[in-house]
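Residue numbers (the working numbering): 2 to 113.
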């Protein structure tokens, strides 16, 4: 289990280099949304990442200052969702942002 942003940046940079297809989900008390895209920028100072969607106009920038992170392997998901998760995702990072909001990045399997 990943517990530091340094470890998370290793995986974020790997996903950027590979141009991995990602699903990025944001959850807060008032709303939630998701998008699909690839990592365009990864910055350790200041800690942030930028995901671009399929449209030239679509992107999201996430500030990771003060965030905590957890690595998740779909093979370790609870049994009711394990098969669903393993069929769709390679792995994921869950960030709890300084605001308390959450951002989860799932690496999609190629057939998704």
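The beta-carbon is built from N, C-alpha and C at its ideal position, and this holds for glycine as well.
Residue 93 counts as buried, since no fewer than 16 other beta carbons sit within 10 angstroms of its beta carbon. DSSP places residue 92 in the strand class (E or B) of the three-state scheme.
Unbroken beta strand (DSSP E) stretches of 3 residues or longer found wholly inside the segment 45-78: 48-53, 60-64 and 69-73, given in chain order.
When rounded, the separation of the alpha-carbon atoms in residue 7 and residue 44 is 11 Å. DSSP places residue 23 within a strand segment (E or B) once states are collapsed to three. When the Cα atoms are used, residue 39 and residue 76 turn out to be separated by approximately 23 Å.
In this chain, the beta strand (DSSP E) harbouring residue 103 covers 103-109. Taking 9 Å as the cut-off, the beta carbon of residue 109 is found no closer than this to the beta carbon of residue 11.
The beta-bridge partner set that DSSP reports for residue 35 consists of 26.
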